[in-house]
Amino acid sequence: MRLGPGFAAVAPAEHALPAEVVLNVLRTARLLTERLDPTLRSHGLTPSTFAALLVLFDQTAPLSPKEIGRRMRVPAQTLTSVIDGLERRGLVVRAPNPRDRRSVLVALAEPGRTLLLQAVAAVVPAEVELLREVARDDQERLIALLGLVQAACGDREQVDLTGGGDGAAPAR
1 MRLGPGFAAV APAEHALPAE VVLNVLRTAR LLTERLDPTL RSHGLTPSTF
51 AALLVLFDQT APLSPKEIGR RMRVPAQTLT SVIDGLERRG LVVRAPNPRD
101 RRSVLVALAE PGRTLLLQAV AAVVPAEVEL LREVARDDQE RLIALLGLVQ
151 AACGDREQVD LTGGGDGAAP AR
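Counted from 1, the sequence shown has number 133 at position 133 by UniProt numbering; the numbering is strictly sequential.
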């Protein structure tokens, strides 16, 4: 998506390229969501519930809602409703935090693990197909470039959804 000549009437010409980058990132996010949502919905998941299950996958210990929210980059209120819905469906379990009675810990329940594996098995081929025309090196470069944009937005850490700490993408 490129900005038309009318942009020059509202902002300096040197601002056009950054504006186009942001518009294209936002547009791409919407397009990916539109393409992947039906696959997630067919498994009873939304992007938020899918992300929460991914965060909990392969954890050796339950996580606090605060930590889940940090990894997902979502506000506490949003996360509470996500966890509530997952808990009602038996996909996660909440338990009191033994170190802090005022808080709870969340863990992936076996039905949640099963559903997540089924969803990943459906989503990954869709992702592969969407990026079929993008060379592997370009995909790696895109990850690096998006990391720069994320850092510019204040996200100074590369979040490892699996908690492994090496910055690697979660195994799918």
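C-beta: ideal position from N, C-alpha, C; glycine also.
- Around the beta carbon of M72, 16 or more other beta carbons lie within 10 angstroms, which makes this residue buried.
- Counting along the chain, V106 sits inside the beta strand (DSSP E) bounded by residues 100-108.
- For V93, no alpha helix (DSSP H) segment is defined; the enclosing uninterrupted segment is the beta strand (DSSP E) at 92-97.
- Judged by DSSP secondary structure, Q139 falls within the alpha helix (DSSP H) whose first and last residues are 136-152.
- The beta carbons of L105 and N97 sit about 5 Å from each other, so the pair counts as a contact at 8 Å.
- Your pair L116 and L53 checks out as a contact, with CB atoms roughly 4 Å apart and the cut at 8 Å.
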